[in-house]
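**Student:**
Residue numbers (our numbering): 12 to 1279.
Following this line, the structure appears as structure tokens:
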């Protein structure tokens, strides 16, 4: 192992012994002073050369005060100490005497000697009491000797530094030649012994190793930065673009079909047994169920973090065991897993001149298959289809005349339309399948089907019915901008890139239209447009933030070179963050990109502090390379601690459950990534650029402040001595005036510290009193440009009447909403499990936000006032937020009151009273009772005894009744590979006549025709459309939309009103909806905030080695809270999840200024023990005013574009940025006064013993950090 010496002024002694190998090596370092002739050529006398300072570091930052050269002859005695945790090194130059002892770990050092200027002996002795180090050293110095040497045994892992005393040491008494010679000679004498430190010291030592390596090897540093930048660009190109992070909800749905059963039968026979089975599955949080006509749906919500794959396996096993308790003819339960991909990402409109059946075939056989083949497309749903059907329309009168019953026609059609495999035969070595081909080949064969033979008389289908190649009775109609058409929903695969899928669909649509001569396919709604606009908006806000932050740096630093050095850390840290995001599997969304945009202002904080420290050392005359290393060393611990306190606040977010926790975790990772990258850049790239980057243009002002100045040597950039100036470097006139004004203000506050403390306490108390006035909601409302008018008519309404009423709404909407891009009408429902088709919906898609003046909410309110509501049509106008709220929750209900109880009739009466209360409350809209409608029924009660007596089966009766009313699907007709239902029912003019229905006859066992009224008794009734249950209890929902931003105040008022309602004890009222999610999230965020503050305290206590100093710093938190309350009230922003996240971020940011202030105050207490506490506090405030203002303004202005909330998606991140801006501004302004005031109260005056009065030059005896 060899140690290279600098070539200038240093030589390696020829007598150096070989180095011994081992963990601790005895290293001899010989230092020879330059020949006096060299100094004389530089204007310095050899007799005036000061003593060299040296210290020993234990691989960690060292706080030390060096020896002070004498100002007279004979030399005066000065004492120096170097403190680093448990490490101390002391030296006592002067006349030969015993030096002060110091301890470095388990090593004790002693030094005594004389300055070269004096006559005497310079000697040194080292006594090692440690386990591993033993050694002595000695040397002599003669008057006017051209050289002196010393030999020192050094433990490997220590840093042996021969250099100038620390820059803060007062040197007013030095002649100019002393300073120049001292700086030129001593700064060339630095050695580093490679570390072999205990593992616990390595993390603290590594950053300083990085800094020195980066400064000494600029080309290597540049190559590393280029590699990081290239990887960042490549990672950015590979990152998927989406609106929100991928959220997998722990929700599983079990669907069971039981055809023909009513809601009450479904509840008893299907729903309850399944609920009992699934409730035993581990991790079940809540059960929701719905029993409706022919279907049971049980939705299971699990705890977040449950292994859904294992839960599904357990659930499937339990359902299999429960299968025996279900009806035999019920279908097996189907397990469905909830996915955010269930929301369509695009709506396509197909307008064609073809008839509805041909248009449907075009959509199903041409358009949809081509779209489904695209990469990332999961499926295509076609709405508004017309399905072909072969209808056998029976004429009741002709059937009676020929004595034909309905069941005879059904049986004949089924028997004459048969196609079954008959087996196979052998022909030689081949086996040939034999299939009976008895299926209908044409409609004429259906017409010629024999129903009954009576001798020579043959009754065929054509004799009693009309065979029509028609269209199935439609349950849904769709219109696009008032024109009949079809809508195609595009669903993406789970995990697919939404924007990439959208791009592929756009290309496919253009290709389809080139070959589609019968119509046109248009993209009506593309959710990817909102994603593109939202991400682009956040990206633009980030660019604006970078520009404003750089402008602030330029105004404060008044140097293009320094500004560019700091600004270059922003793109480098961002690109490095993209690399980490890519390997973590994140998408580029408004959460991750918003986290980067919010952190841009903080990315430059570390570089600002490092640059400020380096610049100060340069102006004090320290050489460029050493100033870069030593300046970074001085602040490395502080910037690392401040970065850790910012990052540590995100640690509790990892433990937050739910969709909120997923969003917060990604935000925490991104911000932490960027801050760590900025810290690494600040400790390596910034000093490297400061040492090697040259810029010919600088802007300097001649103004300088002089109050409370501590004399320091200043040197010009190129080494030209310019004499003595003040510590406060040259700044602009305004900044100088600001520093002077702040110093005067701080003195006044310290003189009246009690009054200031009372005023600050009162300010916090006022803010706490105003805090309840801040509105609360779960998430900020987003303007996605999507509205829906939901209408409902009485159950049983005919589709034609519903369509006519909807057309009246369409005309008004097209007139009242000129901002509409597309108005799509969905009348009825074509879903297979739909139990009623009395609902209609208008989906209004608006043009982008930049192309309209009114927001979605303003348009909704205008429609609510101006829309003329058709009679009998109950309307609800809502602003949809599928892209944000739909991904956050499985429900979009703002507020719901659950009335739980078994007696449904009594529950409905309670629900009516609850709804009446809610309708009187301001801020609630669209109040309705869920599932309150009861569908009118005409129950056909079969007389089983009479049917048995006449030899008629109950199945034949129900079959004839079905064919009479709704038609029965008897068999299928095959053509061209497709199958179409053959439906038997009455002719259109007889189908809906109750008297004809009663006269329809069936044939008995003895051959007679008996009307259905002889077997059936008709009873009018009303049945619920569905029966909902929650946690195995019947429930009635009263829902409402919140038309106010203060959901918390509304719920509090509602709870008070509901408490006054008389409710039977067997019923329970609970508030649900997004309010329930808000309460859960707020509770976890409050715990996270408390844990974040505790972790910050621990980090600062470890950094300062004090239990009191962190409490002083945490005093900035309530002061920042004053600004939070103020900005939320002034801007009308609610306290929601996003603003709560901003509050947690603020806790980690607002203390950084206090950390810098307290840390520097402690440094000054050690450096200037002779000064009073008030003087030190004023001095610390003035010296740190500029970096504090710079870091604050860069953070605030970088967040300002996001806080405005312009453009798509801007509403999501705006509350977070506003909270940080308000809290940081108020916290900074008050911290500059409050923290010194608290320090004046807490810190005790320095003992008189450590404050000696020294004449001439100011001697310094550091005492370390006094305990408080």
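Using N, Cα and C, we set each Cβ at its ideal position, and we do this for glycine too. This one's a predicted model, so the numbers in the text were calculated from it and none came from an experiment.
Tell me whether the beta-carbon of residue 941 lies closer than 7 Å to the beta-carbon of residue 1016.
**Tutor:** Here residue 941 refers to the residue found at position 930 of the chain shown. Here residue 1016 refers to the residue found at position 1005 of the chain shown. No, the pair does not count as a contact, with Cβ atoms beyond the cut-off.
**Student:** Specify the secondary structure class of residue 307 as computed by DSSP and reduced to three states.
**Tutor:** Position 296 of the chain shown holds residue 307. Residue state, collapsed to three classes: strand.
**Student:** Helix, strand or coil: which one does DSSP assign to residue 530?
**Tutor:** By 1-based counting over the chain shown, the position of residue 530 is 519. Reduced to three states, the DSSP call for residue 530 is strand.
**Student:** Looking at residue 239 and residue 702, is the spacing between their C-beta atoms short of 7 Å?
**Tutor:** The residue labelled residue 702 in the question sits at position 691 within the chain shown. The residue labelled residue 239 in the question sits at position 228 within the chain shown. No, they are not a contact pair.
**Student:** Kindly indicate which three-state DSSP category residue 1013 falls into: helix, strand or coil?
**Tutor:** In the chain shown, residue 1013 corresponds to position 1002, counting from 1. Three-state result, residue 1013: strand.
**Student:** Identify the residues that DSSP records as bridge partners of residue 567: which are they?
**Tutor:** For this step, residue 567 is matched to residue 556 along the chain shown. DSSP lists no partner for residue 567.
**Student:** Per DSSP, residue 1039 forms a beta bridge with which residues?
**Tutor:** Counting from 1 along the chain shown, the entry for residue 1039 is found at position 1028. Residue 1039 pairs with 301.
**Student:** In the DSSP output, which residue or residues are listed as bridge partners for residue 356?
**Tutor:** The residue given as residue 356 occupies position 345 in the chain shown. Note: residue 356 sits in no beta bridge, so no partner.
**Student:** Any chance you could list the alpha helix (DSSP H) runs of at least 4 consecutive residues sitting entirely within the region 541-606, in chain order?
**Tutor:** The qualifying runs are 571-578 and 580-595.
**Student:** Give me the Cβ distance between residue 1209 and residue 601, rounded to the nearest whole Å; I'm assuming they're in contact under 8 Å.
**Tutor:** As a first step, residue 1209 is located in the chain shown; it is residue number 1198 there, counting from the start. As a first step, residue 601 is located in the chain shown; it is residue number 590 there, counting from the start. Contact doesn't hold; Cβ gap of about 17 Å is too wide.
**Student:** Could you have a look at residue 1087 and say whether DSSP puts it in helix, strand or coil?
**Tutor:** What you label residue 1087 is simply residue 1076 of the chain shown in a count that begins at 1. The answer is helix: DSSP assigns residue 1087 an H, G or I state.
**Student:** Which class does residue 698 belong to by DSSP, given the choice of helix, strand or coil?
**Tutor:** Position 687 of the chain shown, counting from 1, holds the residue named residue 698. In the structure shown, residue 698 sits in a helix (DSSP, three-state: H, G or I).
**Student:** Within 10 angstroms of its Cβ, does residue 451 collect 16 or more other Cβ (buried), or is it exposed?
**Tutor:** On the chain shown, residue 451 is found 440 positions in, with the first residue counted as 1. Flag for residue 451 reads buried.
**Student:** Quick check: the region 251-268 against the region 321-332, are at least 3 beta-carbon pairs closer than 8 Å?
**Tutor:** At 8 Å Cβ cutoff, the stretches touch.
**Student:** My guess is that residue 406 and residue 476 are in contact by the Cβ rule of under 8 Å, so how many angstroms apart are they, rounded?
**Tutor:** As a working note, residue 406 is residue 395 in the chain shown. As a working note, residue 476 is residue 465 in the chain shown. Their Cβ separation, rounded to whole angstroms, is 6 Å, which keeps residue 406 and residue 476 in contact under 8 Å.
**Student:** If you draw a straight line from the C-alpha of residue 950 to the C-alpha of residue 480, how long is it?
**Tutor:** As a working mapping, residue 950 is identified with position 939 in the chain shown. As a working mapping, residue 480 is identified with position 469 in the chain shown. Distance between the alpha carbons of residue 950 and residue 480: 32 Å.
**Student:** To which residues of the same chain is residue 415 closer than 7 Å at the C-beta, ignoring the five residues directly before and after it?
**Tutor:** The sequence position of residue 415 within the chain shown is 404, counting from 1. Excluding positions up to five away in sequence, the list reads 462, 463, 470 and 475.
**Student:** In terms of alpha-carbon separation, which member of 830, 975 and 485 lies closest to residue 1023?
**Tutor:** On the chain shown, residue 1023 is found 1012 positions in, with the first residue counted as 1. Minimum Cα distance to residue 1023 is reached at 975.
**Student:** Evaluate contact between the region 1024-1038 and the region 868-877, counting only Cβ atoms and requiring at least three cross-stretch pairs below 8 Å.
**Tutor:** No contact exists between the region 1024-1038 and the region 868-877.
**Student:** Please confirm whether residue 686 and residue 654 have their CB atoms less than 7 Å apart.
**Tutor:** As a position in the chain shown, residue 686 is number 675, starting the count at 1. As a position in the chain shown, residue 654 is number 643, starting the count at 1. Yes. Within cutoff.
**Student:** Going by beta-carbon coordinates alone, are residue 250 and residue 599 separated by less than 7 Å?
**Tutor:** Taking the chain shown and counting its residues from 1, one reaches residue 250 at position 239. Taking the chain shown and counting its residues from 1, one reaches residue 599 at position 588. A contact, by the Cβ cut-off of 7 Å.
**Student:** Apply the 10 Å Cβ neighbour rule to residue 410 and answer buried if 16 or more other Cβ atoms are within range, or exposed otherwise.
**Tutor:** The residue labelled residue 410 in the question sits at position 399 within the chain shown. So residue 410 ends up on the buried side.
**Student:** For residue 358, which option in 1147, 535 and 1153 has the closest C-alpha, if you only look at C-alpha atoms?
**Tutor:** In the chain shown, the residue the question calls residue 358 occupies position 347. Taking only the C-alpha atoms, the option nearest residue 358 is 535.
**Student:** Starting from residue 1093, follow its DSSP beta bridges and name the residues at the other end.
**Tutor:** Taking the first residue of the chain shown as 1, we reach residue 1093 at position 1082. Answer is none; residue 1093 lacks a bridge partner.
**Student:** When we look at the beta-carbon of residue 930 and count the other beta-carbons within 10 Å, is it buried (16 or more) or exposed?
**Tutor:** By one-based count along the chain shown, residue 930 stands at place 919. Exposed, because fewer than 16 other Cβ atoms sit within 10 Å of the Cβ of residue 930.
**Student:** Taking the continuous alpha helix (DSSP H) assigned at residue 817, which residues delimit it?
**Tutor:** Working through the chain shown from its first residue, we reach residue 817 at position 806. From DSSP, the alpha helix (DSSP H) with residue 817 extends over 810-827.
**Student:** How many angstroms separate the CA atom of residue 289 from the CA atom of residue 473?
**Tutor:** In the chain shown, residue 289 corresponds to position 278, counting from 1. In the chain shown, residue 473 corresponds to position 462, counting from 1. Roughly 54 Å separates the two Cα atoms.
**Student:** Could you tell me the distance, in whole angstroms, from the CA atom of residue 628 to the CA atom of residue 1223?
**Tutor:** On the chain shown, position 617 is the one that residue 628 refers to. On the chain shown, position 1212 is the one that residue 1223 refers to. Using only the alpha carbons, I get a separation of about 44 Å.
**Student:** As an exercise, report each continuous alpha helix (DSSP H) stretch of at least 4 residues that is fully enclosed by the region 385-467, in chain order.
**Tutor:** Taking only runs of at least 4 residues, the alpha helix (DSSP H) segments lying wholly in the region 385-467 are 407-413, 417-427 and 454-458.
**Student:** With DSSP as the reference, label residue 1080 as helix, strand or coil.
**Tutor:** Walking along the chain shown from the start, residue 1080 turns up at place 1069. In this structure, residue 1080 counts as strand in the three-state DSSP scheme.
**Student:** DSSP has residue 806 in a bridge; who is on the other side?
**Tutor:** Within the chain shown, residue 806 is the residue found at index 795, counting from 1. Its beta-bridge partners do not exist; DSSP assigns none.
**Student:** So, does the region 604-622 touch the region 675-693, judging by three or more C-beta pairs under 8 Å?
**Tutor:** Short answer: they touch.
**Student:** For the region 368-383 against the region 529-543, are there 3 or more C-beta pairs whose distance is under 8 Å?
**Tutor:** A contact exists between the region 368-383 and the region 529-543.
**Student:** Please name the residue or residues paired with residue 1022 in a DSSP beta bridge.
**Tutor:** Against the chain shown, residue 1022 aligns to sequence position 1011. DSSP lists 1012 as partners of residue 1022.
**Student:** When DSSP labels each residue in this structure, what does residue 1000 get in the three-state scheme?
**Tutor:** Stepping through the chain shown from its first residue, residue 1000 is reached at position 989. Correct three-state label for residue 1000: helix.
**Student:** Could you check how far apart the C-beta atoms of residue 904 and residue 1145 are, in whole angstroms? I think they sit under 8 Å.
**Tutor:** The residue given as residue 904 occupies position 893 in the chain shown. The residue given as residue 1145 occupies position 1134 in the chain shown. Not quite, the Cβ-Cβ distance comes to about 18 Å (not below 8 Å), so this is no contact.
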